[in-house]
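Protein chains in written order, with the numbering used here: chain A, 1 to 159; chain B, 1 to 1052. One structure is given here, and the rest of the page talks about it.
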């Protein structure tokens, strides 16, 4: 880990008032809460960066504004911003987000994961890799890769 | 047995054997009672002491030494000890016996039986005869103990020995490795350095001590001596920093350690440096100062560890403070301090002007650390740095960078506060000859802070930094005056009342709370008034345009009232607002919730005083004031409202809050004050004596009567009985009730409660009686009163099938409170009555009520009655007794009962489980497991929640018991989370609790047990991910991810 691609990333301050504001209807059994972008963001904000002991939120890689959801069409689009445009970790970060959402969202949703426009040199290639089912499945067959992903996801537990 | 035989036994018997100890004991007691003198003992030991076998000789000495260390000291006359010391010293050349010999000398010194001229010979003999490091640890330990004792008792004599002692000690210590011995050796070294003239030996002494730096000792896992690395570090540091003679040797070496790789060693070096600098003095520090700055900068900029940064900043402060004390030779030349700071500023300034500002904050911290050390340093640094920082602060247009610079400014303000004091610092503690250098800049700083804090700046952290700056300015001595204070406060209020961001608002509140500690007058006069100006007078209509919600305003009032001087005025103003609320006809829901919010704020403020540890006098002042100004007005208000038969002040919502206020005031009161309040209460409530009320209240009351405890009175009036119960239940046991006959009084209250129809009145009266019975000292009087008719009346009422069920339940309710009072104090009658209630669990019509009753008996009421806080007689372990009494009966009842009875038994069990410390439950777990598992199937949410709670607690300690049932537990849990049906009792909270238990399994149970369950769990949890409730989904996702991460047996 001595030669990090971005050895000294900018760390963003995370608001102290984490978590969503509780509303009375959250406790009301008769009201169904729809999925929204904040809920998706809550799921991925605590994922650890593969290089640094920092979360994707602290590195501003994930932002709630970059998540959109269409409940009628069961479609979710998550975009993320690598810290530097030539970041070779972008695919791995995307894979972590992909796996986290695979494990945490109901099957009816189709999830697209992309790097936000213009934030990466090989934007097209990364996007293609992340949204190709077979390639994701193949990546997760690789036990070493899976181990790295699981490590990055370990920080999301009990948050 | 003759002496010789005993000696023989001692020497031949194996070590640690009983007969050896016995022989020693007998000899010692013979010496103690004077029948055996030491001289005789030595004579008899003669053959052993001159034996050719070295082990026999050592054992002979050992016997003598053991006797010496365990006998009482009166037998040790001066002559005897002189002879013994000489004898011991003489024999020190006998190597195998050295250990035992030292033990004897130690015993003699410990008994303080050695004269100084004899003591003088001990170290010289020891140093010349013994090469200490060739002996085992215990022997060395003994030798160091002897040296320490000598320095303690015979310091003057040892000083006479001077250089020989020091050189001998250096030799003895050289090469020591055992932490126990080292700790002692460091202590001895420190005494030597402080009391002896060490000039000649400074280098040697330093060498023998410093070679242990840095300490890397780590205590072994089974360490029984409890010596930590920190103990050694501190002892060593004390040695190194004990004399300036060490400075020439220490400084280069410490700098070398600063450059080492280990973070711990670096921190140790920095902390040692901080301790040494003031002792070594400016002459020693100055030549290395620039060098040190570089190393420390490296540490601050690169350190991953906050502790290291703190240590580095501490060193900078110590170095600057030391240089500040340097004498200036001529004014033409720059002083060492100036030279040093000139260099430091030059080295840092470019970081503060660098456009990226990457190291600005850290550079700032270093300069601030230097500035906080002394007046001249503060002047120099502030004048050299602040102008350019301030200039940039106004010039920068990127908010996050302005924030960084403002942080540096705020740090300077707090450094100034450290040197020149806060507004509340006693005038004698600070020297007014020193004028803070910040004075020149205060206007600009204030402007910048206000601009940053105002809502115009869009970046929240910048606003927060501005607020921190304002509060530092307000708290600093010598800075703000007159209109500036107003300006600063104005901005704080602006942020508190108008800022839309929660973080910024709470920063403003925190600032004001800390200001209230030093300037309560300002906060009371301005802030509290501002807040109250926002609180509506009279009715609170929904349409009133408000900057902040009521809750937020009252929350602020509550936080600020933590300060004692603000407490009373705030309460008074809240009460005034409460007075203004429309109380009778035409009151709306808004009025009720306004009155409720005001009342609970008062409650919070009063209860907060309870939590503070404080001088008793102050609490008495507060509480007697509160009794007068809060309790009485509320009592009269309730009385008028109740007699007027209506209005919001007769609703249980308000009255319950008031009851808590009464209770809290009572809890803080002395016996005397309690009796006064109680007398008033009984007069008005029981006797209906309205003449005690103040004139104004009586006029309002008119001719209407007030009898809130009467069964015939209207519902609204009897609600006021809540206040009566609150006062009665919070009495101290020493309080005497002002009534002629206690039995009649209790009887009267009980009969009223049995006849009453208002639920509130029934409970209030039953609780009052129960509380009095619980606090009565005389147990026979208690059972006497109960068995004198009243109990049988209640019992027959309960079992009277001809009565309406509602009445039977009412009787049962009263009965339950009496049982609770007795069970708490472990009164035997209580358990007798308790079995009646357990029996009723199988009753068709009263089963549910009985189960609820078990809940009342097992739990602490939320209003703190029947707890130690309200002075109840609560026996230790009464819950455990209750549990072990009930469990076997519940298990049998469950096994034999009908379906309905089964459920009642399980409910009763769940009440017990909820209120018991979990470790108590664990012993009965195997017995209870079938009951718990069947609880998960019944459609009662409370029952399920309690059971799941129990599982959650059991899992961490008793996974073994649960492991056998893991599969059936998992099945039940999955059923709950996949069914998602409220109708079967699986409410969202039940689902969440079930998911939590599921999520806890992977960390508690064996992989071998869980592995076969994993695929099914992952599959079924998929459906929980689509739960209609978001909170449940969150828990489901967390649990499912935990199971994904369960990949193999736990690494141990």
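Here a beta-carbon is modelled for each residue, glycine too, at the ideal position from N, C-alpha and C.
Answer yes or no: do residue i and residue j have a C-beta to C-beta separation smaller than 8 Å?
{"i": "residue 475 of chain B", "j": "residue 423 of chain B", "result": "yes"}
{"i": "residue 732 of chain B", "j": "residue 674 of chain B", "result": "yes"}
{"i": "residue 639 of chain B", "j": "residue 532 of chain B", "result": "no"}
{"i": "residue 214 of chain B", "j": "residue 264 of chain B", "result": "yes"}
{"i": "residue 873 of chain B", "j": "residue 775 of chain B", "result": "yes"}
{"i": "residue 255 of chain B", "j": "residue 288 of chain B", "result": "yes"}
{"i": "residue 512 of chain B", "j": "residue 492 of chain B", "result": "yes"}
{"i": "residue 253 of chain B", "j": "residue 286 of chain B", "result": "no"}
{"i": "residue 95 of chain A", "j": "residue 79 of chain A", "result": "no"}
{"i": "residue 685 of chain B", "j": "residue 649 of chain B", "result": "no"}
{"i": "residue 626 of chain B", "j": "residue 606 of chain B", "result": "yes"}
{"i": "residue 9 of chain A", "j": "residue 83 of chain A", "result": "yes"}
Using only CA atoms, which one of the options lies nearest to residue i?
{"i": "residue 168 of chain B", "options": "B/222, B/125, B/746, B/765", "result": "B/125"}
{"i": "residue 188 of chain B", "options": "B/222, B/867, B/238", "result": "B/238"}
{"i": "residue 405 of chain B", "options": "B/461, B/375, B/688, B/434", "result": "B/461"}
{"i": "residue 942 of chain B", "options": "B/958, B/921, B/990, B/1025", "result": "B/990"}
{"i": "residue 620 of chain B", "options": "B/653, B/861, B/548, B/666", "result": "B/666"}
{"i": "residue 956 of chain B", "options": "B/783, B/1006, B/560, B/80", "result": "B/1006"}
{"i": "residue 149 of chain B", "options": "B/689, B/87, B/191, B/172", "result": "B/191"}
{"i": "residue 658 of chain B", "options": "B/726, B/613, B/678, B/952", "result": "B/726"}
{"i": "residue 378 of chain B", "options": "B/434, B/394, B/403", "result": "B/434"}
Residue i to residue j, Cα distance in whole Å?
{"i": "residue 712 of chain B", "j": "residue 672 of chain B", "result": "34 Å"}
{"i": "residue 2 of chain A", "j": "residue 858 of chain B", "result": "Only weak support exists for where residue 2 of chain A lies, its pLDDT of 44 falling under 50; the coordinates are left without a value."}
{"i": "residue 85 of chain A", "j": "residue 120 of chain A", "result": "4 Å"}
{"i": "residue 63 of chain A", "j": "residue 382 of chain B", "result": "40 Å"}
{"i": "residue 5 of chain B", "j": "residue 66 of chain B", "result": "17 Å"}
{"i": "residue 773 of chain B", "j": "residue 780 of chain B", "result": "11 Å"}
{"i": "residue 14 of chain B", "j": "residue 54 of chain B", "result": "16 Å"}
{"i": "residue 1065 of chain B", "j": "residue 530 of chain B", "result": "An answer regarding residue 1065 of chain B cannot be provided, because it is not within the stretch 1 to 1052 covered by chain B."}
{"i": "residue 73 of chain A", "j": "residue 107 of chain A", "result": "13 Å"}
{"i": "residue 376 of chain B", "j": "residue 624 of chain B", "result": "51 Å"}
{"i": "residue 636 of chain B", "j": "residue 796 of chain B", "result": "40 Å"}
{"i": "residue 293 of chain B", "j": "residue 235 of chain B", "result": "26 Å"}
{"i": "residue 9 of chain B", "j": "residue 89 of chain B", "result": "27 Å"}
{"i": "residue 735 of chain B", "j": "residue 524 of chain B", "result": "37 Å"}
{"i": "residue 151 of chain A", "j": "residue 134 of chain B", "result": "53 Å"}
{"i": "residue 146 of chain A", "j": "residue 276 of chain B", "result": "53 Å"}
{"i": "residue 18 of chain B", "j": "residue 24 of chain B", "result": "10 Å"}
Contact residues within the stretch 39-53 of chain A, judged by C-beta distance below 9 Å to chain B: 39, 42, 43
I want to know whether the stretch 462-473 of chain B touches the stretch 400-415 of chain B - three or more CB-CB distances under 8 Å. yes
For the stretch 979-1000 of chain B, enumerate the residues whose C-beta is nearer than 9 Å to any C-beta of chain A, in chain order. 982, 987, 988, 989, 999
Measuring CB atoms only, is the stretch 974-982 of chain B touching the stretch 916-934 of chain B, in the sense that at least three cross pairs come out at less than 8 Å? no
Can you give me, in chain order, the residues of the stretch 129-157 of chain A that have a beta carbon less than 8 Å from any beta carbon in chain B? 150, 153, 154, 156, 157
Could you list the residues in the stretch 1039-1051 of chain B with a C-beta less than 8 Å from some C-beta on chain A, going in chain order? 1040, 1041, 1042, 1044, 1045, 1047
Where the stretch 1012-1032 of chain B meets chain A: residues whose CB sits under 7 Å from a CB there: 1022, 1025, 1026, 1028, 1029, 1030, 1031
Closer than 9 Å, Cβ to Cβ, to anything on chain A: give me those residues from the stretch 383-397 of chain B, in chain order. none
Against chain B: residues of the stretch 95-111 of chain A by CB proximity under 9 Å: 99, 100, 103, 104, 105, 106, 107, 108
Using a Cβ cut-off of 8 Å, which residues of the stretch 65-76 of chain A contact any Cβ in chain B, in chain order? none
Positions along the stretch 20-31 of chain A whose CB lies within less than 7 Å of some CB in chain B: 26, 29
Mind listing which residues of the stretch 446-476 of chain B have their C-beta closer than 7 Å to chain A's C-betas, in chain order? 461
Give a yes or no on contact between the stretch 885-900 of chain B and the stretch 939-954 of chain B, applying the rule of three or more CB pairs nearer than 8 Å. no
Looking at C-beta atoms only, is the number of pairs between the stretch 746-755 of chain B and the stretch 846-855 of chain B that lie closer than 8 Å three or more? no
Report yes or no: do three or more beta-carbon pairs, one from the stretch 832-848 of chain B and one from the stretch 801-815 of chain B, lie closer than 8 Å? yes
Within the chosen definition, does the stretch 887-896 of chain B reach the stretch 817-831 of chain B through at least 3 CB pairs nearer than 8 Å? no
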